[in-house]
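To convert, count from 1 in the sequence shown and add 54; that's the working numbering.
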Amino acid sequence: MTYSSPAAPHQPPRSGGLFINGLGLGQLCSWGSLYYSFPLIAQAMSTDLGWSKTELYGAATLGLALAGLCAYPIGVAIDRGHGRWVMAGGSLVAGLLLILWAQADSLILFYGAVAGIGAMQAATLYEPAFAVVARKSGPAHARAGITALTMWGGFASTVFIPLIQLLLDQLGWRDTLLILGAINILVCGMVNFAAIETVADAPVHPPRNGASPGGRSAIGEAVRQPAFWALAVAFTAYSAMFSGFTFHAYPLLIERGFDTATVVGAIAIIGPAQVTGRLAIWLLAPRAPVRVVGSLIVAVFPLAFLALEFMPRDFALVALFAVSFGAVNGILTIVRGLVVPELITRRAYGAVNGALSFPATIARAVAPMGLALLWTTTGSYDAVLMAIVAGSMVLALGFWCAAALAGAGPQD
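Have a look at this one:
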């Protein structure tokens, strides 16, 4: 069970304050430098070092697998009040590992650096940030803070993909990684340390009734609910689909005949579309039940990817796909952050969310490598795109089942 200190009253955090804006800036830079950077840098490394797509994406798979293994203990640590040290320390270590990656001239060093960066994603991206917000404001009041964080994070691809491409063109991949490392240390580490208040996030002592401070009772309650497992299936499929497409969108569109500028432009549209979708929900449906919002938007994913499969080489149509994909992906990020307290349990948010994230993060790890192998086997991204369509269908079915099985939602 999660225990809240008296210094952290359950009130919605002010979206304009240091807490949300600081965490938001950290999310923008962390997602941009640790996640969206990989496909572009991997492409440059392949050209420079002659490494294969399978060799390069194997490192990303290992890193994301480590992130999955770290998700639950990091959630427990945040539930116990160590959010500042988890997120600030994670950004510091990630920055040092990016600098180490810049020195890579062997697969061993490359795999070591990228694997470590993957583990640090579990301490720096949305899941730990959502848990910090839920701890500060209380899970029942976390909606405003989580929505605000996703507004910041939604611009990560828009800001960093063109920036990284510019740096690659001007400086090369090694100096680009040095700059990204400095951003993690000087920006992400500093804002995470400053934004998460020591007093509000202070560790608290477990109550005298002997309940587990790590949230074991809440985990046990959650896994006995069929809706938990339906959500696990849905978000595992979503993570595989999202990760696979994110890592392969650049070469996928290049293979279809678009030039680099067009591809970068289309991908950069996704970020503003994510923010637009989140803003629309915030303005038009601020109190809409998560199950209703989620049930509607998951239907868009298979339709959008099927349209991309049969789409002619026209930038306007690809831009329309990017807008659709970005908008629903942006809304689903909010749904993912709110679904635990609204459908499963309001106790031990970090631990329960970490447990739910574990299979999803493993899928996010395996998908890029799996799709790279599929591309190698078939020699075309057509089969890759159809695999993504299949994953999006599983997402929709899984979420619809969870919404139907959850009943009236948590009673605690």
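Every residue, glycine too, gets a C-beta built ideally from N, C-alpha and C.
Quantities reported herein were computed from a predicted structural model and do not represent experimental measurements.
So what does DSSP say about residue i, is it helix, strand or coil?
| i | result |
| --- | --- |
| Glu309 | helix |
| Gly408 | helix |
| Ile237 | helix |
| His40 | Outside the displayed span of the chain (55 to 466) sits residue 40, for which this structure offers no information. |
| Ser477 | Absent from the model: residue 477. The displayed extent of the chain is 55 to 466, so no value can be given. |
| Phe282 | helix |
| Val352 | coil |
| Pro413 | helix |
| Gly264 | With a pLDDT of 42 at Gly264, under the threshold of 50, the modelled position of that residue is not reliable, and no figure is offered here. |
| Pro366 | coil |
| Ala298 | Note that residue 298 is Gly in the sequence shown here, rather than Ala. The answer is helix: DSSP assigns Gly298 an H, G or I state. |
| Gly319 | helix |
| Pro257 | Interpretation of Pro257 is limited by its pLDDT of 45, a score under 50 that renders its predicted location unreliable; no figure is taken from the coordinates. |
| Gly170 | helix |
| Leu72 | helix |
Name the two residues that bound the continuous alpha helix (DSSP H) containing residue i.
| i | result |
| --- | --- |
| Gln157 | No alpha helix (DSSP H) contains Gln157, which DSSP labels as neither H nor E. |
| Thr399 | That residue, Thr399, is in no alpha helix (DSSP H); it is neither H nor E in DSSP. |
| Gly207 | Arg197 to Gly207 |
| Ala376 | Phe369 to Val393 |
| Gln224 | Ala210 to Leu225 |
| Phe247 | Gly243 to Ala249 |
| Ala342 | No alpha helix (DSSP H) holds Ala342; DSSP gives it neither H nor E. |
| Gly476 | This structure does not reach residue 476, given that the chain is present from 55 up to 466, and the question cannot be answered. |
| Phe184 | Tyr180 to Ser191 |
Could you check whether residue j and residue i sit closer than 8 angstroms to each other, using their CB atoms as the reference points?
| i | j | result |
| --- | --- | --- |
| Ser446 | Phe364 | no |
| Thr115 | Ala303 | no |
| Ile388 | Thr201 | yes |
| Phe214 | Ser91 | yes |
| Gly117 | Gly172 | yes |
| Glu109 | Leu77 | no |
| Ala185 | Ile132 | yes |
| Val245 | Phe359 | no |
| Tyr180 | Gly380 | no |
| Gly384 | Phe453 | no |
| Arg401 | Ala272 | yes |
| Leu307 | Ala320 | yes |
| Val241 | Leu451 | no |
| Ile469 | Val406 | The structure shown has nothing for residue 469, since the chain only spans 55 to 466. |
| Ile153 | Leu88 | no |
For the ligand MN, is there any heavy atom lying closer than 7 angstroms to the beta carbon of residue i?
| i | result |
| --- | --- |
| Gln224 | Within the structure as shown, the ligand MN is missing, as the structure has no ligands at all. |
In chain order, each alpha helix (DSSP H) run of at least 4 residues that lies wholly inside the region 81–128: You should have 91–103.
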